[in-house]
Each structure stands twice: as structure tokens, then as C-alpha cells.
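Numbers 4 to 477, taken from our numbering, label the letters of the sequence shown in order.
Note that the Cβ used here is the ideal one computed from N, Cα and C, for glycine as well.
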Amino acid sequence: MTPARRQTAPGTAVLSRKAVAAAVPVALAAVLAATTPASAGTVGAAGAGDPYFPLQGNGGYDVRHYDLRLGYDTSTGRLTARAVLSALATRRLGRFDLDLSGLKVTGVSVDHAKASFRRRGQELVVTPRHALHAGRRFQVTVDYQGKPGPVTDPDGSTDGWIPTDDGAFVANEPQGAMTWFPANSHPLDKALYDITITVPEGRTAVSGGVLVSRRTRGGHTTFHWRQSAPTAAYLVTATIGRFKVERYTTPDGLEVYNAVDPREAAAAAPVLRKLPSVLAWESARFGPYPFRAAGAVVDRAPQVGYALETQTRPLYDRAPDLATLVHESAHQWFGDSVTLTRWQDIWLNEGFATYAEWLYSEQHGGRTAQQAFDALYARPAGDDLWAYPPANPGSGARLFDTPVYARGAMALQRLRVTVGDATFLRVLRTWAQDHRHGHGTTDQFIRLSERLSGKKLDRLFHTWIGTAGKPAKP
Ligand code: TRP
Ligand code: ZN
């Protein structure tokens, strides 16, 4: 599902293949050249044009819906799966790519006709029997199987399908989706999802959205999850384990589903109990919660080392503390509903979610946001905090570093102090509302802040998110 906005966001439009070749490193140009036959006029690009992850996503089509049917054998770690993608060709397509890494593909069809395919690194290259004309809706079915495993990111962390002692912890940011399903795996292309997961009886399989059905037969249980709001592939999960499940509906009508590893249950309970009040507090500041469903997956996977804001149902590698719960919940507005168009803009996710922690603390008897700012500002000029600009970290290896989180939040505190509390909150709320279930760019955020405050803010943002080095005392 591609929002119309995509076309208008500066620097974020789906680039033509030529523009991609001009904008990205030589390595990608080489890949594109190598995969481009003489009939280049009908070939979908191998990437979406994001310099941080050049092969992520693909060009030439737009996915509307994923229907993923997964069977996972927790004793062998084998996955047997079928993915059905409903998509729209955005140009004439004689051939197109999906992102899929590892696993064995046993068959591909396009609109029920067998298609030919080959693997080239993380690209699954599909040639339908007949070219698809621009504007045509089509379905791709991919049958695949194997033992999925994680991908190692440029920063050394792992994401994707991460096996655990009782199942798998499945976290896709920024690259992991391709380790377990074929996709147009760039955040530009959001889609709806139906995910059906069959696991041995006694295990629970959790994804985003609402649980449509749960059936046990012949020693296996099948969970059918439906995500009916547009979702980026990096925010999808299929986490499996032995979980204690808790379900309830909040006074606001949200369907909550919590799945908790029993070994983490005692530590998680007092924090999870606060989820409805955290979401209500955030809704009062950021505008209505963007989804119908909510909840948490609390696994025991300490080797992962991070939590993830999977859409509607964040994923924790251990019992979270309250600040982490507030952080992942805030991402539901900032990152999940309003999604970045290129990874360089990651501060729109992490700076905002960090700021939500500061504001929550301030309004619950803890340290104020200004105190958090001051404590960080006291760090010496040589500190990592000032090493690079939050709005231009420079590579995929730095997406989750201190400048993005902490200095990103500091920029928002400078904005608040400059425009006043009321206008600041109006900016956040308008941002969440205007880009709801869509995308947003740093430029758009700056323009919105200027429009609502009536102030020129280029300098402020340049200083706090656009330059490296410690800014002069404000
Ligand atoms: N986005 C996560 C958060 O809420 C952090 C995260 C996701 C992460 N994937 C990661 C951190 C990979 C380090 C490495 O902050
Ligand atoms: Zn975060």
C-alpha cells in the first residue's frame, strides 16, 4: 500500500532506476547493471533506492496485502510456508524482485500460472509467464521452506528469525523480514497482513492485530492473526514460544492480547498492568491511539538485547521496565502509524519515542524533560552523543546509536522551549494526525513546526539534528 504522499515527499519518491543509479553507491550500481538485461524497460528495480540498505524493497510494484501461512516445527527449527502477495504493478513488469534471504523456494506462481524464478543474494527474481501491464493487480504465490535464522546488521546486532529455547523471537528492524517471508521489504511499502501460524500444541504464536481464530487439531495449534492497518514489513512478527496469555478489552475499546514467557511473568506483571494507562496518557498527548489492537509479547531472549515496537504489539526480549513500555508504546504513533520513508530519518522514530519517555517521567513525578536535556548537555564535546547529526547518521551501522535517540529527543526539547508547550504538543498531535497510517519526512516535520508556530526554525533544526559536534549553549 503506497500512500499518495509518497509522490510528494522531497527526496523520497520512488526513484527511477536511473535516479537510483545516480544516488546510490557504486556497489548498487553494479548490482543493478548485473541484473539488467537489454529489455530493461520492463524490469522492476532490485531496491527501493535507500542508500543505507540499497537492496531493501524493490521497484515496479506495490504490495497491498500479505497472506502468510507458516508452519514451524519447534523441535527441528524447520519452517514450511506459503506467502501470497496481492500487489499492484506501478509500471509494465516483465520481471520483478522480492526480498528473501536463505530458505529454499520450491515454487512461484503469478496469478496462478507457474512463474520462473531465480535467487540472487537477497533477491528472489520472478519472471511471470506474461508481462504485467502498469496498473494491473496481481497475486504472487511463493512456496518455501527451510531453517530460518537471523541476519547480522551493519551494527553487529541480529534481527529476523531468532530461534529461542522454546520457539523463535521474530524482530525485523531493520532487515529481518527477508529472513522469513518474501516481501517488498522497505518501509515505503506498507501493506495489510493475514498471518496464519501452525505450531505444536502447547506453544503460542503471536503476531500483530487481532486474533481471528485459534484451532487445535492433531497435536497442532493454528493461530490466525489479522493486521488491518497498513504496516511496514519491519514491524511484523510471528513470535513463538510457551506463553501465558492474557486478553481483555480496555475502557477505550482496545483489544489487548499479552503473551508472556512464564519465566518473565512476575517481573513483567506490574509494568504490563500499566499498559492501558500509558496508552491513555499518550493518546491524550499525541492524539487517538492509531490502532484497534494492543498488547505485548514478553519473551526470554536476552541474547537479542533490544525491544521492538512491532505494530500494535511490541516485542520485549525480557520483562520491560516502565520507560521501555512507554517508549515502544509511543512508537505506535511515531514510526508505526507515521513511518519513515528512508532509514536516514530514523530520529523521527527514536528521538520521538525517547522524548515520550522524558515527558512521561516529567508528568509522573520524575525528572523533567529539561533536566534530561541538561544532564545530556553536560557531556563533554568528545562524547559519542555529539559524534554525528541525528538526522544524518551516515549509515545503517548507526541507526540505533546515542545521537539518534538522545540528541534527537534534545532537538524536540529545544523545539518545545522555543515554541511553547501548547504549540509543541499541537505539532506532535498534528504530525500524528496528518500522516496517520502513512509516511513522514524530516523536512515535512520542520515545515509543520514552522507553520504551527509561525517561527523560522531552520536554524534550530540545523543545529540540533543537522550538524555534528556539540552545539553552543542554548
Ligand atoms: N527500534 C527499537 C527501539 O525501540 C530498537 C531496535 C530495533 C534495535 N532493532 C534494533 C536496536 C537493532 C539495535 C539493533 O528502540
Ligand atoms: Zn525505539
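Return yes when the Cβ of residue j is within less than 8 Å of the Cβ of residue i, no when it is not.
{"i": "R245", "j": "R217", "result": "no"}
{"i": "T313", "j": "H442", "result": "no"}
{"i": "T45", "j": "L96", "result": "yes"}
{"i": "G308", "j": "W346", "result": "no"}
{"i": "A92", "j": "L135", "result": "yes"}
{"i": "T357", "j": "T444", "result": "no"}
{"i": "L214", "j": "Y260", "result": "yes"}
{"i": "V202", "j": "H223", "result": "yes"}
Between the Cα of residue i and those of the options, spot the shortest distance and give me the residue it belongs to.
{"i": "T242", "options": "T167, A378 and P393", "result": "T167"}
{"i": "G63", "options": "K277, V129, G308 and P406", "result": "V129"}
{"i": "K476", "options": "D377, P185, V173 and T182", "result": "D377"}
{"i": "G74", "options": "A171, D446 and W350", "result": "A171"}
{"i": "F184", "options": "D192, N175 and P190", "result": "N175"}
{"i": "D158", "options": "R401, R345, S89 and F289", "result": "R401"}
{"i": "G469", "options": "D348, A137 and A186", "result": "D348"}
{"i": "G472", "options": "K150, A86 and P393", "result": "P393"}
{"i": "R370", "options": "R382, A326 and D386", "result": "A326"}
{"i": "T234", "options": "P293, E360 and A272", "result": "P293"}
{"i": "W361", "options": "F355, R454 and A372", "result": "A372"}
{"i": "K107", "options": "R419, S286, G256 and Y147", "result": "Y147"}
{"i": "V430", "options": "G457, A409, L278 and A322", "result": "G457"}
{"i": "E2", "options": "V113, W336 and E365", "result": "Within the shown structure, residues of the chain are numbered from 4 to 477, placing residue 2 beyond reach of any answer."}
{"i": "T405", "options": "S286, R229 and L388", "result": "L388"}
{"i": "R72", "options": "F448, A118 and T144", "result": "T144"}
{"i": "W434", "options": "G423, F448 and A425", "result": "F448"}
{"i": "G290", "options": "H438, T109, W467 and G60", "result": "H438"}
On the three-state DSSP scale, how would you describe residue i?
{"i": "S439", "result": "Strictly speaking, residue 439 in this sequence is Arg, with Ser absent from that position. Here R439 sits in coil by DSSP."}
{"i": "L460", "result": "coil"}
{"i": "A33", "result": "Because A33 carries a pLDDT of 42, less than 50, the predicted location of this residue cannot be relied on, and no value is offered for it."}
{"i": "S42", "result": "Residue confidence is low: S42 scores 44 on pLDDT, short of 50, so the model does not pin down where it sits. No coordinate-derived value is stated."}
{"i": "N61", "result": "coil"}
{"i": "P6", "result": "Below a pLDDT of 50, predicted positions are generally treated as unreliable, and P6, at 42, falls in that range; no measurement from the model is reported."}
{"i": "I243", "result": "strand"}
{"i": "S364", "result": "helix"}
{"i": "H115", "result": "coil"}
{"i": "L135", "result": "strand"}
{"i": "H330", "result": "helix"}
{"i": "A232", "result": "strand"}
{"i": "T466", "result": "helix"}
{"i": "A24", "result": "Unreliable placement is indicated for A24, whose pLDDT of 33 sits below 50; the coordinate value is still reported in the next sentence. Reduced to three states, the DSSP call for A24 is helix."}
{"i": "G179", "result": "helix"}
{"i": "A384", "result": "coil"}
{"i": "Y358", "result": "helix"}
{"i": "T11", "result": "At T11, the pLDDT of 29 sits below 50, so the modelled position is not reliable and the matter cannot be decided from this model."}
{"i": "L96", "result": "strand"}
If you follow the alpha helix (DSSP H) that residue i is in, where does it begin and where does it stop?
{"i": "Q306", "result": "No alpha helix (DSSP H) contains Q306, which DSSP labels as neither H nor E."}
{"i": "N395", "result": "That residue, N395, is in no alpha helix (DSSP H); it is neither H nor E in DSSP."}
{"i": "Y380", "result": "A372 to Y380"}
{"i": "A262", "result": "Unbroken run through A262 is the beta strand (DSSP E), E258 to V263; no alpha helix (DSSP H)."}
{"i": "F289", "result": "L278 to F289"}
{"i": "R140", "result": "First-last for R140: R140 to G149, but that is the beta strand (DSSP E), not the alpha helix (DSSP H)."}
{"i": "R417", "result": "G411 to V422"}
{"i": "L402", "result": "Element bounds for L402: n/a, residue is neither H nor E."}
{"i": "V274", "result": "A268 to L275"}
Per DSSP, residue i forms a beta bridge with which residues?
{"i": "R217", "result": "F226"}
{"i": "W164", "result": "V173"}
{"i": "T201", "result": "G74 and T225"}
{"i": "D102", "result": "E126 and A186"}
Along the beta strand (DSSP E) that carries residue i, what are the first and last residues, could you check?
{"i": "P153", "result": "P153 to T155"}
{"i": "T207", "result": "T207 to V209"}
{"i": "Q314", "result": "No beta strand (DSSP E) holds Q314; DSSP gives it neither H nor E."}
{"i": "R81", "result": "R81 to A92"}
{"i": "A299", "result": "A296 to V301"}
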